[in-house]
Every structure is written in structure tokens, then in C-alpha cells.
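Asker: Got a structure for you, written out below as C-alpha cells; questions coming shortly.
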Amino acid sequence: MKMTFRWYGADDPVTLDKIRQIPGMTGVVTAVYSVPAGEVWPQEAIDEMKKEVNAKGLEMEVIESVPVHEDIKLGRGNCEQYIENYKENIRRLAKAGVKCICYNFMPVFDWTRSRLDQPLPDGSNALVYYKEDVDKMDPTKMSLPGWDASYTPDEIGGLVESYKEIGEEGLWKNLEHFIKEIIPVAAECDVNMAIHPDDPPWPIFGIPRIITTEENIDRFLALYDDVHHGLTLCSGSLGCAKFNDYTAMVKKYGAMGRIHFAHVRNIKILDDGSFEESAHLSDCGSLDVYEILKAYYDTGFKGYLRPDHGRMIWGETGKPGYGLFDRALGATYMNGIWEAISKADKK
Ligand code: DNO
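Per my numbering, the sequence shown starts with residue 1169, numbered consecutively.
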């Protein structure tokens, strides 16, 4: 397991100097943020970023994410050109030593929450998803930090309608086409493609979401028989639905060698299926982080792992979910569990 940390580039208040001081941190997970979705990333920008990261003693072997243009997901417009651009990005990143690319196939909206700073009883605050509030949200009148902000409200409305029209099967068809095009390139470059599950793992705003359950992940992996076609297994996304057994998924897909990147954090599932993002500690949420890491260890996991969203604690402000303190605590907690498991195993 290689412990990593998400870094949003030169503008991130959580600097490389801070990240390198977290014990056991091997590298950062990042992206070229200045290029619109679908375009080719300049090789100089990739190389420059790598140089900056390496100069701080950190690796840049994981990219999160190379975004998939909506035309690809909808199978329309400039879809084929965007797929060619995507292949070129894989080649360029491989040239810079990148080993794993995280991406998602969520229509329009990446992760969705009803509030980004819900006060918790201990005085910290966290991202939450309260079903009742999400049901009242109008996605054309708002934006969340993970969403592509380049669309106008009208364009968003149009996209939502287009996804409703193609439905789940249309989305599957477009995903299959994309995978069949890009995986041969990834295999040639020896880059592991790691799809991120939909967060939350159910349809929102009346549009389909498909990377949601074990059954659907099985269907996804069956699209292409190559180890480079794999997963970012995110406990914070899959784990917020009671119908998913995240630890069982680690065992199953880990044994198949298809998990290339692990996002691990805890989540507190509420009675009505809403959820709150809690501290990483097992006791703080509904997931057993020890059992999760034990499953990774037992499958001989050699991929990358990162703490996922953290709460805002100790008065920190910043990008929701991506402050320094709680994520650093998460990394340290998980490194501690990993050390204990591996030492017990060697006795
Ligand atoms: C949330 C993240 C996601 C993830 C993308 C991957 O914080 O895990 O935004 O980066 O879905 O493409």
C-alpha cells in the first residue's frame, strides 16, 4: 500500500510543504486544473507539476481526475474527438511516470451533498447528505465544489434532459464504447485506469447513475478483460448505501487485482438513508476501518490509498472535505492500523 494525499496544485492552501510532513506520505494525487474538460493537457504543464512535486520528495504517480467530457458520456457531438484527446492524455501522463488515472462516469454532477459545513456536536463541521434537503434542490440553481462550473444553468438543464432521455442503458452503451477505446492505450502505456464510483451510489435529480452496486461493478469490469481496466474503490461513496458491503468488495475485487486506488474514510449512515461524513475512526461512523484495511492487506494490496474527505477541525477553513488536519489524522490512523496488521502477520 502506498499512502497518498490529494493536492489541488499551486493554489491549494494545503501545500506540498505541509503534505510532506505527514508521516508515511509517499506522494500526491493531483491533476492539471487549468485545462477545460475534454482538452489535451500540455506536456509542459504535466512535467512542471511533476518536477514541483518531486522536488519536495513526493511522487506524482496518481492523477485524480482526467475528466470525461459530457459528449463522451452522452455519445454525441464531439465524442470521438474527445476520446482521442483522452487517449493522448493517457500517453502524456504515462510519459511523466503516472501509473494510475482516476476518473468517473457520473452524468453532469460529481459528488453531491446537501450541506458542506454541517456543525457536529464536537464543534467540527462536515459534509452531509440529508435526503429531504437533496429532494428539494434544483441543480440548475446551484453548484458544488466537485462540479464542472463551466456550464450555464440553461446548459445544465439541457444536459439533465439529455441524460433522462438516454437512461441507464444509454449510459452503459456509451461507457462501453469509451472503455473499449481507451483501455488498449492504457495497457500499451501500462497505466491503470481506475473508475470512481458514483457518489452517492443512487440516481439523483432524476438522472441515471450506474457505478453504484456490486452487480453494476461486475458488469463494468466485464466490459474489458485487462488488469488495466480497474477501480478506485471509494468507501465514502459505495459505503454510504446500506445495500453495499464495502469490505466484501475489497476482498472480491482485490483478489481479482482490479483495485488500483483506494479512497478510505468513514461515514455515518442515518436511519432514513441520509448520511454524514464522520472522522475516519471506526467508532465514529458506520464502517469498520480496521476490517477494511485488513481486507486490503489480506489481498496483498500494492496500490495507492488516500484518506478521503475530512471534517473541518481546529478552526481550519478551506476547500470542503479537503482541509489538512482531519485528513492528516485519517492518514496517520490508517498507517497505524496498517503497521499493526503487518507486524501481527509477521509474528
Ligand atoms: C470527491 C472525489 C471525487 C473524485 C471524482 C473522480 O471528493 O473523490 O470528486 O475525485 O469523482 O473522478
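Backbone N, C-alpha and C fix where the C-beta goes; we use that ideal spot for every residue, glycine too. Computed from a predicted model, the values in this text were never measured in an experiment.
Are the CB atoms of Gly-1422 and Lys-1436 within a distance shorter than 9 angstroms?
Answerer: Indexing the sequence shown from 1 puts residue 1436 at position 268. Indexing the sequence shown from 1 puts residue 1422 at position 254. Their beta carbons are not under 9 angstroms apart, which means Lys-1436 does not touch Gly-1422 by this criterion.
Asker: Excluding the 5 residues flanking Pro-1376 on each side, which residues of the same chain have their C-beta closer than 7 angstroms to its C-beta?
Answerer: The residue given as residue 1376 occupies position 208 in the sequence shown. Closer than 7 angstroms at the Cβ level, and outside the excluded window around Pro-1376, lie Pro-1275, Tyr-1331, Gly-1335, Glu-1336, Leu-1339.
Asker: Write down the C-beta distance between Val-1266 and Met-1228 rounded to the nearest angstrom, noting that I regard them as a contact closer than 8 angstroms.
Answerer: Residue numbering aside, residue 1266 sits at position 98 when the sequence shown is read from its first letter. Residue numbering aside, residue 1228 sits at position 60 when the sequence shown is read from its first letter. Sure, about 7 angstroms apart at Cβ, within 8 angstroms.
Asker: DSSP beta-bridge partners for Lys-1170?
Answerer: Taking the sequence shown and counting its residues from 1, the one referred to as residue 1170 is at position 2. Beta-bridge analysis with DSSP links Lys-1170 to Tyr-1472.
Asker: Tell me the start and end of each unbroken alpha helix (DSSP H) in the segment 1357-1413 that is at least 4 residues and wholly inside, in chain order.
Answerer: Listed in chain order, the complete alpha helix (DSSP H) runs (minimum 4 residues) inside the segment 1357-1413 are 1382-1389, 1403-1406.
Asker: Mind pulling the alpha helix (DSSP H) runs of 4 or more residues that sit fully within the segment 1267-1331?
Answerer: 1299-1303
Asker: Cβ-heavy atom distance between Tyr-1271 and the ligand DNO below 8 angstroms?
Answerer: The residue labelled residue 1271 in the question sits at position 103 within the sequence shown. Residue side-chain check: Tyr-1271 places its Cβ nearer than 8 angstroms to a non-hydrogen atom of the ligand DNO.
Asker: Would you list the one or two residues that DSSP bridges to Ala-1430?
Answerer: What you label residue 1430 is simply residue 262 of the sequence shown in a count that begins at 1. Leu-1401, Leu-1473.
Asker: Rounded C-beta distance between Gly-1404 and Glu-1445? I'm assuming under 8 angstroms.
Answerer: The residue labelled residue 1404 in the question sits at position 236 within the sequence shown. The residue labelled residue 1445 in the question sits at position 277 within the sequence shown. About 7 angstroms separates the two Cβ atoms, so the contact holds.
Asker: From the DSSP output, which residues share a beta bridge with Thr-1198?
Answerer: Position 30 of the sequence shown holds residue 1198. In DSSP, Thr-1198 forms a bridge with Ile-1231.
Asker: Helix or strand or just coil, what does DSSP make of Ile-1190?
Answerer: In the sequence shown, the residue the question calls residue 1190 occupies position 22. Ile-1190: coil per DSSP, three-state reduction.
Asker: From the DSSP output, in three-state form, read off Lys-1515 for me.
Answerer: One-based indexing of the sequence shown puts residue 1515 at position 347. Coil.
Asker: Can you tell me whether Thr-1415 sits near the ligand DNO, meaning its C-beta is under 8 angstroms from at least one heavy atom of the ligand?
Answerer: Indexing the sequence shown from 1 puts residue 1415 at position 247. Thr-1415 has its CB no nearer than 8 angstroms to any heavy atom of the ligand DNO.
Asker: How about Ala-1430 and Val-1359: are their beta carbons less than 9 angstroms apart?
Answerer: Reading the sequence shown from its first residue, position 262 is the one you call residue 1430. Reading the sequence shown from its first residue, position 191 is the one you call residue 1359. No, they are not a contact pair.
Asker: Consider the C-beta atom of Cys-1408 and the heavy atoms of the ligand DNO; say whether any pair is separated by less than 8 angstroms.
Answerer: Position 240 of the sequence shown holds residue 1408. Incorrect: Cys-1408 has no Cβ contact closer than 8 angstroms to the ligand DNO.
Asker: May I have the straight-line CA-CA distance separating Thr-1467 from Tyr-1458, to the nearest angstrom?
Answerer: On the sequence shown, position 299 is the one that residue 1467 refers to. On the sequence shown, position 290 is the one that residue 1458 refers to. Near 14 angstroms, if we compare the C-alpha coordinates of Tyr-1458 and Thr-1467.
Asker: Is any non-hydrogen atom of the ligand DNO found closer than 8 angstroms to the C-beta of Gly-1489, if you look at the structure I gave you?
Answerer: Here residue 1489 corresponds to residue number 321 of the sequence shown, with the count starting at 1. Gly-1489: yes, Cβ under 8 angstroms from the ligand DNO.
Asker: Report the rounded CA-to-CA distance for Asp-1316 versus Leu-1242, giving the unit in angstroms.
Answerer: Taking the sequence shown and counting its residues from 1, the one referred to as residue 1316 is at position 148. Taking the sequence shown and counting its residues from 1, the one referred to as residue 1242 is at position 74. Rounded to the nearest angstrom, the two C-alpha atoms are 16 angstroms apart.
Asker: Decide if the segment 1278-1298 is in contact with the segment 1378-1389; the criterion is three or more beta carbon pairs, one per stretch, under 8 angstroms apart.
Answerer: Taking a cut-off of 8 angstroms for Cβ pairs, the segment 1278-1298 and the segment 1378-1389 do not touch, as fewer than three such pairs fall below it.
Asker: Consider the C-beta atom of Tyr-1402 and the heavy atoms of the ligand DNO; say whether any pair is separated by less than 8 angstroms.
Answerer: Position 234 of the sequence shown, counting from 1, holds the residue named residue 1402. Looking at the sequence itself, residue 1402 is Cys, so the reference to Tyr does not match. Yes, the ligand DNO has a heavy atom inside 8 angstroms of this Cβ.
Asker: For Glu-1356 and Tyr-1392, I'd like the C-alpha separation in whole angstroms.
Answerer: Taking the first residue of the sequence shown as 1, we reach residue 1356 at position 188. Taking the first residue of the sequence shown as 1, we reach residue 1392 at position 224. About 14 angstroms.
Asker: Can you give me the Cβ contacts of Cys-1270 inside the same chain, cut-off strictly under 6 angstroms, excluding the 5 residues immediately before and after it?
Answerer: For this step, residue 1270 is matched to residue 102 along the sequence shown. Glu-1232, Ser-1233, Ala-1362, His-1364, Thr-1400, Phe-1429, listed in sequence order.
Asker: Say the cut is 8 angstroms; is the CB of Asp-1367 nearer than that to a heavy atom of the ligand DNO?
Answerer: Here residue 1367 refers to the residue found at position 199 when the sequence shown is read from its first residue. Asp-1367 Cβ: within cutoff of the ligand DNO.
Asker: Output the boundary residues of the beta strand (DSSP E) element that contains Ile-1437.
Answerer: Start at 1 with the first residue of the sequence shown, and residue 1437 comes out as number 269. From DSSP, the beta strand (DSSP E) with Ile-1437 extends over 1435-1437.
Asker: Check whether the Cβ atoms of Glu-1238 and Ala-1199 sit closer than 9 angstroms, and answer yes or no.
Answerer: Within the sequence shown, residue 1238 is the residue found at index 70, counting from 1. Within the sequence shown, residue 1199 is the residue found at index 31, counting from 1. Contact flag unset, no.
Asker: Locate the alpha helix (DSSP H) running through Glu-1256, then write down its first and last residues.
Answerer: Here the question's residue 1256 lines up with position 88 in the sequence shown. Start and end: 1247-1263.
Asker: Just grab the DSSP bridge partners of Glu-1166 for me.
Answerer: For the chain, the structure presents residues 1169 to 1515; residue 1166 sits outside this window and is missing.
Asker: Ignore the nearest five residues each way along the sequence and tell me which others in Ala-1354's own chain have a CB closer than 6 angstroms to its CB.
Answerer: Walking along the sequence shown from the start, residue 1354 turns up at place 186. If we look at Ala-1354 and ignore the five residues flanking it on each side, its Cβ neighbours are Ile-1258, Met-1361, His-1396.
Asker: Cβ of Met-1274 within 8 angstroms of any heavy atom in the ligand DNO?
Answerer: Your numbering for residue 1274 matches position 106 in the sequence shown. Yes, the Cβ of Met-1274 comes within 8 angstroms of a heavy atom of the ligand DNO.
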